[in-house]
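Asks: Can you keep this structure in mind? I'll have questions shortly.
Protein chains in written order, with our numbering: chain A, 1 to 867; chain B, 868 to 978.
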């Protein structure tokens, strides 16, 4: 291993001209001797004798070279090399200490690296465009605080016109869901953009070309993302020019992005196409587009907003010509993820949890350094006696800490790569089912640099306190001049005790957090939607037709077919403003046909469902959920009462509905919000705008049954991709599973670290106190008393830690509860709050049991003889 | 003529003075000091080099590799502007010191 050092230092020396320095020095001295010998030779001495005399006269060349090195700029390098060598030898001697310390540091470094690798591409890296710092997105806020973020194509095009005074490289975009392919159609996400999008985003291409205005005139082209290329064409190497069926429309492939390249969205779509190139799908005509671009140089976001407001007001004049209070808003967007109210507390609490686990590890490492420094008192005091200054000793100790961290950082890189790949596999597999892909998580140079920087900080930070403490002691001893150790108590013991309390206190929030999140994931898995999920299939036929519905209904194994606006668990239900009895409320609404309640299996509590003639004529009748009934007319029967819903198309126009039935509360939007707090079902039939989903109840949802559905669609010239509703639920659960995975890993790590710290402390204390135990046993203490004494001390420390940790937990829970309300997330989960401290206590007892038993087994005679 | 060891701390001054007459290699510096002192000052040969390197590090002399009279590769030293200023200062300080020493020592002798 010493050859490793030699090789490393040789490399270092070469790297910074050290080799040259040495050879220059040697050449200069040699010249001197030669020149002197020349002079002597001229005076008649033979050459060999002249050289001998010259060398003698010169003196000890090596000594002068050493002086030269000391005045040179390489002195620090030499010292560093010597320190590193010493540190390496020291660690090699205490290899068990080194192994544990490296494992501790490597585990937290790896955890932090994985976190950073996930966050970096979304939160920290600037958008991959020139002028990313000027990138903005537009929205409009009206007088009542409602915001509009997308416009019809013509209006959006006006906003990005080239004569826009404040915006350049303006582009429009819209994410749309489509079905791609004929035989085996796949659900897919497409980003529809303006040609100007690719003037700004210049993606790296694997083949072909990006889309431009020319492309539009020549053909109807699409640009595949790398993942889209793999998913939709099975990585066809000759894909250029190939036709793909997109919602039944034939489009040709113009290019494929390189791996890792993407657009400006956090989730990379399967492909891009140009707005207006193809008006495909039932929703294309009503599609709206968001607008982004770069602020012109020197224009601030506020100035831009002020300049855009008049343009925005001309886009769609307000109904009735009243005063227009709409105002443009310009939101800087510098990274892939947009700032959001829910994301920020999530990111902050994530960072906080990782910070906690890092702090636990740091306390642990500090404690280990203290123990080691105490154990090495003798060694250090000899060095001090030989004249090493305090600074020199401290540097020696710190070098050891840094070397240790650096080795740990190397190890952490490997660990992080392996775990990032594993986590990525879990998370991405669910997402990719839906035609989305996420950026690959890479442990790249940035992440590694961060790890080494953090390792350096940990190395210095954790070594500093022990180094100060130990070297202070040496000075006192040196002053006492007796040069021997007083076997006195050493305050590092108390410090280490405090560090254990700290570790326990910091671990507790992590453990409670793990408990809370694991429970929430468990709740999410056992969630009761209010209807049976088995055999519920969401089918998105393109185009949907009455013939197709009839055909589906006649298939064997199909128990029910219903046409809906929003399929169960598809996402948030649309919200509408409702007037009733002179009051106003914002409620969620869905549009369903007469078979909805029977197909899904929602019981009607009062009244009746829709009749076919009501859905066909979109009659002004409604079924409301139990919760809605209670909310609008508490304690009274809602049947026959009426309310009004604002028309989504015409602001200020209301339509009157009569309540004909009350349905059970079920989960129809996002499952984590629980059963719908409000739901109004309105009658609708096939062909109405906004209605595209057909939901089936089938006997079997295995692959052959789904294949039969596909074939039935294909027979009638339609495309469809059956998706079990259960899968939608699975997708919604992903964040909870990820949170559970992360928090439980951190919890386990923290528990392990805290126990390791306690174990180390107790074991060390037991060795230190062997003599004391010997004396106590000799004067009549029982072994049981020694055992309970040692264990009692551990319990007391853990108790203190828990007492300090609980308020932190409560504070965190309060913070999270105030920001995030999920029905499955019980932030004050009593089980976690009561079990986790007990778990910590039990683990701590176990960790101190073996050293305590050893203390109890002390042989008084040998213990006393030792001194 | 009898020789004398140089006073501690004066070697740098002597080197700067020797170099102020033109650039020299290390051996040349040594020869010039002996020549200027008519062989009265003895410089420990090897000790010359750490002193030269210290001056180089302080920026008082600059260095350049060249070829010596007898056609060998040698490192030549020259006084920098900063070195010249330093030499001026030190020479003044030395003069003051010598005058003060002489005053004390002679007064003591004559009294």
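Yeah, the Cβ is synthetic: ideal placement off N, Cα and C, and Gly gets one too.
1. I'd like to know whether the C-beta atoms of residue 523 (chain A) and residue 808 (chain A) end up nearer to each other than 8 Å.
2. Using a Cβ-Cβ distance under 8 Å, would residue 23 (chain A) count as near chain B?
3. When you compare each of A:211, A:204, A:242 and A:205 to residue 197 (chain A) by their alpha carbons, which one comes out closest?
4. Would you mind listing the alpha helix (DSSP H) stretches within the stretch 9-49 of chain A that are 4+ residues and don't spill past its ends, in chain order?
5. Listing by chain order, which chain A residues have their CB less than 8 Å from the CB of residue 940 (chain B)?
6. Kindly confirm or deny that the stretch 232-248 of chain A and the stretch 695-707 of chain A touch, where touching means at least three C-beta pairs closer than 8 Å.
7. For residue 917 (chain B), go through chain A and note every residue whose CB falls closer than 7 Å to its CB, in chain order.
8. When DSSP labels each residue in this structure, what does residue 74 (chain A) get in the three-state scheme?
9. Output yes or no for whether 8 Å exceeds the beta carbon distance between residue 529 (chain A) and residue 561 (chain A).
10. If you measure beta-carbon to beta-carbon, which residues of the stretch 33-51 of chain A are closer than 7 Å to chain B?
11. Please determine, among A:683, A:670 and A:634, the residue with the shortest C-alpha to C-alpha distance to residue 875 (chain A).
12. Pull up the CB-CB distance for residue 292 (chain A) and residue 171 (chain A), whole angstroms please, since I reckon it's below 8 Å.
13. Starting from the C-beta of residue 290 (chain A), find all residues in its chain whose C-beta is less than 6 Å away, skip the five residues before and the five after it, and write them out in chain order.
14. Just curious, the beta strand (DSSP E) that residue 223 (chain A) is in, first and last residue?
15. State the DSSP-derived secondary structure class of residue 235 (chain A), mapped to helix, strand or coil.
16. Where does residue 167 (chain A) sit, in a helix, a strand or coil, going by DSSP?
17. Determine, using beta carbons only, whether residue 224 (chain A) and residue 257 (chain A) come nearer to each other than 8 Å.
18. Curious, which full-length beta strand (DSSP E) runs of at least 3 residues does the stretch 327-386 of chain A contain?
19. Along chain B, which residues have their Cβ under 9 Å away from the Cβ of residue 59 (chain A)?
20. Taking 8 Å as the CB-CB limit, is residue 905 (chain B) close to chain A?
21. Is the CB of residue 921 (chain B) under 8 Å away from at least one CB in chain A?
22. Does the beta carbon of residue 894 (chain B) sit closer than 8 Å to a beta carbon anywhere in chain A?
23. Considering just the uninterrupted stretch of the alpha helix (DSSP H) at residue 789 (chain A), what are its terminal residues?
24. Can you have a look at residue 821 (chain A) and say buried or exposed, based on whether 16 or more other CB atoms are within 10 angstroms of its CB?
25. Label residue 851 (chain A) either buried or exposed according to how many other C-beta atoms from any shown protein chain fall within 10 Å of its C-beta, with 16 as the threshold for buried.
26. For residue 141 (chain A) and residue 287 (chain A), I'd like the C-alpha separation in whole angstroms.
27. Measuring CB atoms only, is the stretch 684-699 of chain A touching the stretch 625-632 of chain A, in the sense that at least three cross pairs come out at less than 8 Å?
28. Does residue 848 (chain A) pass the burial test, meaning 16 or more other C-beta atoms within 10 Å, or should it be called exposed?
29. Would you report the Cα separation of residue 30 (chain A) and residue 959 (chain B), rounded to the nearest angstrom?
30. Would residue 924 (chain B) count as contacting chain A if we go by Cβ distances under 8 Å?
31. So, is the C-beta of residue 882 (chain B) closer than 8 Å to a C-beta in chain A?
32. Secondary structure at residue 653 (chain A), three-state DSSP: helix, strand or coil?
33. Going straight from the alpha carbon of residue 685 (chain A) to that of residue 550 (chain A), what length do you get?
34. Going by alpha carbons, who is nearest to residue 746 (chain A) out of A:842, A:357, A:448 and A:446?
35. Would you say residue 935 (chain B) faces chain A, with C-beta separation under 8 Å as the test?
36. In three-state terms, what does DSSP make of residue 937 (chain B)?
Replies: Based on what the coordinates show:
1. The answer is no: Cβ separation not under 8 Å.
2. No - not a single Cβ of chain B is within 8 Å of the one on residue 23 (chain A).
3. If we check each option's Cα against that of residue 197 (chain A), A:211 comes out closest.
4. Taking only runs of at least 4 residues, the alpha helix (DSSP H) segments lying wholly in the stretch 9-49 of chain A are 18-42.
5. Scanning chain A for C-beta atoms nearer than 8 Å to the C-beta of residue 940 (chain B) yields 27 and 31, reported in chain order.
6. Contact fails: fewer than three Cβ-Cβ distances are below 8 Å.
7. Residues of chain A passing the Cβ test: 64, 67, 68 and 71.
8. If DSSP states are grouped into helix, strand and coil, residue 74 (chain A) belongs with coil.
9. The answer is no: Cβ separation not under 8 Å.
10. If you check each beta-carbon in the stretch 33-51 of chain A against every beta-carbon of chain B, the ones closer than 7 Å belong to 34, 35, 36 and 38.
11. There is simply no residue 875 (chain A) to check, as chain A begins at 1 and stops at 867 in what is shown.
12. Yes, residue 292 (chain A) and residue 171 (chain A) are in contact; Cβ-Cβ is about 6 Å, under 8 Å.
13. Within the same chain, residue 290 (chain A) has close Cβ partners 149, 150 and 173.
14. Residue range 221-224 is occupied by the beta strand (DSSP E) that includes residue 223 (chain A).
15. Of the three classes helix, strand and coil, the one that applies to residue 235 (chain A) here is coil, per DSSP.
16. Reduced to three states, the DSSP call for residue 167 (chain A) is strand.
17. Yes.
18. Restricted to the stretch 327-386 of chain A, the beta strand (DSSP E) segments that are unbroken, complete and at least 3 residues in length are 327-332, listed in chain order.
19. Ordered by position in chain B, the residues that pass the 9 Å Cβ test against residue 59 (chain A) are 911, 912, 913 and 914.
20. No, because no Cβ of chain A sits closer than 8 Å to the Cβ of residue 905 (chain B).
21. So yes, residue 921 (chain B) belongs to the interface.
22. Yes, residue 894 (chain B) counts as interfacial toward chain A.
23. Taken as a continuous stretch (DSSP letters only), the alpha helix (DSSP H) holding residue 789 (chain A) covers 783-819.
24. Residue 821 (chain A) comes out exposed.
25. The residue in question, residue 851 (chain A), is buried, as its Cβ has 16 or more Cβ neighbours within 10 Å.
26. Distance between the alpha carbons of residue 141 (chain A) and residue 287 (chain A): 20 Å.
27. The stretch 625-632 of chain A and the stretch 684-699 of chain A do not touch, with fewer than three beta-carbon pairs separated by less than 8 Å.
28. Classification of residue 848 (chain A): buried, given that the 10 Å Cβ count is 16 or more.
29. When rounded, the distance between both Cα atoms is 36 Å.
30. Judged by the 8 Å Cβ criterion, residue 924 (chain B) is in contact with chain A.
31. Chain A, which has no Cβ nearer than 8 Å to the Cβ of residue 882 (chain B), makes this no.
32. Coil at residue 653 (chain A), not helix or strand.
33. If you take the alpha carbons of residue 685 (chain A) and residue 550 (chain A), they lie about 14 Å apart.
34. Taking the Cα of residue 746 (chain A) as reference, the smallest distance to any Cα among A:842, A:357, A:448 and A:446 is reached at A:357.
35. Yes, contact with chain A.
36. In this structure, residue 937 (chain B) counts as coil in the three-state DSSP scheme.
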